[in-house]
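Written below as structure tokens is the structure these notes are about.
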Amino acid sequence: TIRITLRYVDKKPVLTNLKRVSKPGLRVYSKRTDIPRVRGGLGISILSTPQGLMTGKSAYQQGLGGEVVCYVW
């Protein structure tokens, strides 16, 4: 279970959208070199790696790939 706490700045949500990528019927995996950029670098991708859930940037820095769970922007 992934819990997301909504945060607001000036009564506007900080997170504008979340897109689920991997689904039970279609898993999407990415190598370290193929981790997708979200909205030209303005968003983040969440990956499930052997080290646990982490952002695409953290996974890249640690040399890990994994299942792309979702995009957040």
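Counting from 20, one number per residue, gives the positions in the sequence shown under this note's numbering.
Virtual Cβ for every residue (Gly too), placed ideally from N, Cα, C.
Member of the options whose CA lies at the smallest distance from the CA of residue i
i     : options             : result
Arg51 : Val87, Cys89, Leu83 : Leu83
Arg56 : Lys76, Thr24, Val28 : Lys76
Whole-angstrom distance between residue j and residue i, CA atom to CA atom
i     : j     : result
Val87 : Arg22 : 17 Å
Leu11 : Lys30 : As displayed, the chain neither begins before 20 nor continues past 92, which places residue 11 out of reach and without an answer.
Arg39 : Arg26 : 20 Å
Thr74 : Asn36 : 16 Å
Beta-bridge pairing of residue i - partner residues as DSSP gives them
i     : result
Leu37 : Val91
Val28 : Lys31
Beta-carbon gap between residue i and residue j smaller than 7 Å
i     : j     : result
Tyr79 : Ile54 : yes
Ser67 : Gly85 : yes
Ser41 : Val47 : yes
Sequence-distant residues of the same chain with beta carbon closer than 7 Å to residue i, five excluded per side
i     : result
Gly62 : Tyr90, Val91, Trp92
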